[in-house]
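Residue numbers (this note's numbering): 80 to 513.
1) The beta strand (DSSP E) that contains residue 350, what's its start and end?
2) Does the Cβ-Cβ distance between residue 437 and residue 407 come in under 8 Å?
3) Ends of the alpha helix (DSSP H) at residue 181?
4) Exposed or buried, which one is residue 113 when buried takes at least 16 other CB atoms within 10 Å?
5) DSSP three-state call for residue 205: helix, strand or coil?
6) Which residue from 287, 109 and 326 puts its Cα closest to that of residue 182?
7) Using a threshold of 8 Å, state whether the C-beta atoms of residue 149 and residue 321 are closer than that.
8) Let me make sure I understand the geometry here. Which of 380, 242 and 315 has the alpha-carbon closest to that of residue 272?
9) Anyone know if the C-beta pair for residue 410 and residue 443 falls short of 8 Å?
10) Does the pairing of the segment 229-239 with the segment 419-437 give three or more beta-carbon distances under 8 Å?
11) Residue 300 bridges to which residues according to DSSP?
12) Let me know the alpha helix (DSSP H) ranges lying completely inside the segment 210-242, each 4 residues or longer, listed in chain order.
13) In the structure shown, what three-state DSSP assignment does residue 506 receive?
14) Where does the unbroken alpha helix (DSSP H) through residue 471 begin, and where does it stop?
15) Grab me the residues of residue 356's own chain with a C-beta within less than 6 Å of its C-beta, minus the 5 sequence neighbours each way, in chain order.
16) I need the DSSP call for residue 354, collapsed to helix, strand or coil.
17) Quick test of the definition: if touching needs 3 or more C-beta pairs under 8 Å, does the segment 247-267 touch the segment 157-165?
18) Going by the CB atoms, is the gap between residue 492 and residue 268 shorter than 8 Å?
19) Looking at the structure shown, is residue 324 part of a helix, part of a strand, or coil, going by DSSP?
20) Does DSSP put residue 244 in a helix, a strand or coil?
21) According to DSSP, what are the bridge partners of residue 166?
22) Starting from residue 151, follow its DSSP beta bridges and name the residues at the other end.
23) In this structure, does DSSP put residue 251 in helix, strand or coil?
24) Considering only their Cβ atoms, is the gap separating residue 354 from residue 472 smaller than 8 Å?
25) Residue 286 and residue 277 look like a contact to me (Cβ under 8 Å); what is the Cβ gap, rounded to whole Å?
26) With residue 476 and residue 319 assumed to form a contact (beta carbons below 8 Å), what rounded beta-carbon distance in angstroms separates them?
27) To the nearest angstrom, how far is it from the Cα of residue 400 to the Cα of residue 126?
28) Going by Cα to Cα distance, which pick from 430, 120 and 389 is closest to residue 280?
29) List, from N- to C-terminal side, the alpha helix (DSSP H) runs of 4 residues or more that fit wholly inside the segment 354-430.
30) Any idea what DSSP makes of residue 460, helix, strand or coil?
31) Leaving out the 5 sequence neighbours to the left and right, which residues in its chain are closer than 7 Å to residue 297 when beta-carbon positions are compared?
32) Classify residue 343 as helix, strand or coil using the three-state DSSP reduction.
33) What does a CB cutoff of less than 6 Å around residue 185 pick up in its chain, not counting 5 residues either side in sequence?
34) Please work out which residues of its chain come closer than 7 Å, Cβ to Cβ, to residue 343, disregarding the five sequence neighbours upstream and downstream, and give them in chain order.
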């Protein structure tokens, strides 16, 4: 009886604490500044370049007066360089630089918490459930790489742009989205959704203003290079266009799996800082991937347009028409980001971070199951990188199967998000109102 009473009291106290935003912030501070930093220290030898080393070296070149894209080749967009420079203002050597970089990513992570709270209030989603999901995803699905790479920053920029857009701050939304695009290209997939929304609502003036702000912000970020050497910024674009088929991509992982069964043959190709594969099939898929991804995204935009038009005419169960439309927008933002991730020719381990702030906002059936799938996918990824990546490069059985399994799990998540089935409780409530 005493044990049951103690357990009940603990649960009640945790339930009360979970309602407080400060509770979640403390968890994330501990996660980033203790768990992730300790992880990187303990497993230091497993990483190729040490966490923060690539970013630090770029910053040192810039501080020596070298200009990215002109004096040295650089794959990162201008806003990403700014994110690298900020920690370098305080530390220019490891591990100090990496600690400062981790703090920077923590600040974006905390911003994500506030943005998630803001959005779930609008959508009538449980705050505790959303924050619990986000915490699990950052801790396990993304893992320490959330603090080692800068991808969390553009992911949060997408979230901030969506939050601003939903609250009617149109120009702010487009401006923040432009910053996200100039940090990492993938946020561009959200822009057509904003455009469709405004067109269907017959807000043409808002659309033109938004596009103008987007273009202005993007132009300002590249203006120094356009003045110094107009062709220099193109080197960053061609760098990514010329890359081969990444072994970790959806296509690459399944081709390597097919090779394991003797159905095809591929050759190893380390280029552009990544493990790529080459063969007739791999090269063809590398060239076709842009068009495949484009076709999937175009279909998503058409479906969003069609469904949004229907939402304009009727409510969705117990949700108001506006809440139903906003729920739809967020689901298609998630679909678009996943499509870019899964059908692109490059899929680095840190890309999972892009989806972590979005999944907690999806009020659809199998939500918990999707969180579980993403957690498993993240665990598979961490097993391979950093611990067994060399084994994966040598096409050893377990890493090959886990990489293909990781991508298959994400494809299942993508399908479930696309289906967007209503939660059972929502269906029952809707039937009572009919």
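Think of the CB as a built atom: it goes at the ideal place given N, C-alpha and C, for glycine as much as any other residue.
The structure presented is a predicted model; accordingly, all values stated were derived computationally and were not measured.
According to the data block:
1) By one-based count along the chain shown, residue 350 stands at place 271. Residue 350: member of the beta strand (DSSP E) spanning 346-350, first to last residue.
2) For the purposes of this step, residue 437 is identified with residue 358 of the chain shown, where counting begins at 1. For the purposes of this step, residue 407 is identified with residue 328 of the chain shown, where counting begins at 1. For residue 437 and residue 407, no; Cβs fall outside 8 Å.
3) Position 102 of the chain shown, counting from 1, holds the residue named residue 181. Residue 181: member of the alpha helix (DSSP H) spanning 175-202, first to last residue.
4) Taking the chain shown and counting its residues from 1, one reaches residue 113 at position 34. With fewer than 16 other Cβ atoms within 10 Å, it is exposed.
5) If you number the chain shown from 1, residue 205 lands on position 126. Residue state, collapsed to three classes: coil.
6) As a first step, residue 182 is located in the chain shown; it is residue number 103 there, counting from the start. Residue 109 is the option with its Cα nearest to residue 182.
7) Locating residue 149 in the chain shown gives position 70, counting from the first residue. Locating residue 321 in the chain shown gives position 242, counting from the first residue. No; because the gap between Cβ atoms is not below 8 Å, this pair is not in contact.
8) The residue labelled residue 272 in the question sits at position 193 within the chain shown. For the set 380, 242 and 315, the Cα lying nearest the Cα of residue 272 is the one of 380.
9) Working through the chain shown from its first residue, we reach residue 410 at position 331. Working through the chain shown from its first residue, we reach residue 443 at position 364. Going by C-beta atoms, residue 410 is nearer than 8 Å to residue 443.
10) Result yes; three or more Cβ-Cβ pairs closer than 8 Å.
11) Numbered from 1 along the chain shown, position 221 holds the residue referred to as residue 300. Its beta-bridge partners do not exist; DSSP assigns none.
12) With a minimum length of 4 residues, the unbroken runs of alpha helix (DSSP H) contained wholly in the segment 210-242 fall at 224-227.
13) Residue 506 sits at position 427 when you count from the first residue of the chain shown. Only weak support exists for where residue 506 lies, its pLDDT of 47 falling under 50; the value from the coordinates is given anyway. In the structure shown, residue 506 sits in a helix (DSSP, three-state: H, G or I).
14) The residue given as residue 471 occupies position 392 in the chain shown. DSSP places residue 471 in the uninterrupted alpha helix (DSSP H) bounded by 468-472.
15) Locating residue 356 in the chain shown gives position 277, counting from the first residue. Taking residue 356 as the centre and dropping the five residues before and after it, the same chain places the C-beta of 324, 326, 331 and 345 closer than 6 Å to its C-beta, in chain order.
16) The residue you call residue 354 lines up with position 275 of the chain shown. Three-state result, residue 354: strand.
17) Below 8 Å, enough C-beta pairs join the segment 247-267 and the segment 157-165 to call them touching: three or more.
18) What you label residue 268 is simply residue 189 of the chain shown in a count that begins at 1. What you label residue 492 is simply residue 413 of the chain shown in a count that begins at 1. No; because the gap between Cβ atoms is not below 8 Å, this pair is not in contact.
19) Sequence index remark: in the chain shown, residue 324 carries index 245 (1-based). Of the three classes helix, strand and coil, the one that applies to residue 324 here is strand, per DSSP.
20) Residue numbering aside, residue 244 sits at position 165 when the chain shown is read from its first letter. Secondary structure at residue 244: helix, using DSSP grouped into helix, strand and coil.
21) In the chain shown, counting from the first residue as 1, residue 166 sits at position 87. In DSSP, residue 166 forms no bridge with anything.
22) On the chain shown, position 72 is the one that residue 151 refers to. Its beta-bridge partners are 147.
23) For this step, residue 251 is matched to residue 172 along the chain shown. Here DSSP, grouped into helix, strand and coil, assigns residue 251 to helix.
24) In the chain shown, the residue the question calls residue 472 occupies position 393. In the chain shown, the residue the question calls residue 354 occupies position 275. Residue 472 places its beta carbon less than 8 Å from that of residue 354.
25) Along the chain shown, read from residue 1 onward, the residue named residue 286 stands at position 207. Along the chain shown, read from residue 1 onward, the residue named residue 277 stands at position 198. Here residue 286 really is in contact with residue 277; their C-beta atoms are around 4 Å apart, less than 8 Å.
26) Position 397 of the chain shown, counted from the first residue, corresponds to residue 476. Position 240 of the chain shown, counted from the first residue, corresponds to residue 319. Not really, about 31 Å apart at Cβ, beyond 8 Å.
27) The count along the chain shown starts at 1 and reaches residue 400 at position 321. The count along the chain shown starts at 1 and reaches residue 126 at position 47. A straight line joining the alpha-carbon of residue 400 with that of residue 126 spans about 49 Å.
28) As a working mapping, residue 280 is identified with position 201 in the chain shown. Checking every option, the nearest Cα to that of residue 280 belongs to 389.
29) Runs of the alpha helix (DSSP H) inside the segment 354-430: 359-390 and 400-422.
30) Position 381 of the chain shown, counting from 1, holds the residue named residue 460. In the structure shown, residue 460 falls within a helical segment according to DSSP collapsed to helix, strand and coil.
31) Taking the first residue of the chain shown as 1, we reach residue 297 at position 218. Once the five neighbours on either side are set aside, the close Cβ partners of residue 297 are 257, 260 and 261.
32) Position 264 of the chain shown, counted from the start, is the residue given in the question as residue 343. The answer is coil: DSSP assigns residue 343 none of H, G, I, E or B.
33) For the purposes of this step, residue 185 is taken as residue 106 along the chain shown, with counting starting at 1. Excluding residues up to 5 positions away in sequence, 111 lie with their Cβ nearer than 6 Å to the Cβ of residue 185 in the same chain.
34) In the chain shown, the residue the question calls residue 343 occupies position 264. Answer for residue 343: 334, 337, 358 and 360, listed in chain order.
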